[in-house]
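In the working numbering, the protein residues as written are 2 to 196.
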């Protein structure tokens, strides 16, 4: 008798047992579009960190706050952006050197992946800035809409329970509604410039 080849052991199903796999729907991994947008924005900012100042200025022109870590939903994105912000604000070393030396280990591989990804073509800084601005406005709008919807449900629950905290929820909803109006006005002004 020859030796059996090493490898995974395959076991057969007992006869008469139907496969439940064929009845299940196939598993499809859905990728949150926000993840891709955040990746893109970070990739651009890592390659051209000087755009961060211009982006902040544009946001302030529209009455909006500069970019913060809260503009990112994913923890690794928040950590990376936080170090990127510090790199841009310091002037002792090159931005990339600062990033490499100050990135937490848990995001350094992620940052290297972003650096390694190729852009389709070199795009001028004005177009990149406009693209980043539009994407961050969209991300903020999505975030604000989610908060307004959550607050609406909280208000309904609070009304059913007596309404003690309803004023707090209403004030927060009003703040997010104002933010949505400012974001929409900013998008409108940008679209007018493009035409």
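Yeah, the Cβ is synthetic: ideal placement off N, Cα and C, and Gly gets one too.
Across the set 105, 87, 34, 41, the C-alpha of 41 shows the shortest separation from the C-alpha of residue 115. DSSP places residue 69 outside any alpha helix (DSSP H), giving it a letter other than H or E. Residue 161 places its beta carbon 8 Å or farther from that of residue 170.
When the beta-carbon positions are compared, residue 100 and residue 78 stay at least 8 Å from each other. For residue 50 against residue 103, the beta-carbon gap comes to about 13 Å, at or over 8 Å, which does not count as contact. Around the beta carbon of residue 187, 16 or more other beta carbons lie within 10 angstroms, which makes this residue buried.
For the pair residue 179 and residue 148, the Cα-to-Cα distance works out to about 12 Å. Between residue 140 and residue 35, the beta carbon gap of about 7 Å places them in contact (Cβ cut-off 8 Å). Separation of residue 86 and residue 164 (C-alpha to C-alpha, rounded to the nearest whole angstrom) is 42 Å. The beta carbon of residue 108 sits closer than 7 Å to those of 77, 80, 81, all from its chain and outside the five residues before and after it, given in chain order. In the DSSP annotation of this structure, residue 104 is not part of any alpha helix (DSSP H), being labelled neither H nor E.
DSSP places residue 57 in the uninterrupted alpha helix (DSSP H) bounded by 52-62.
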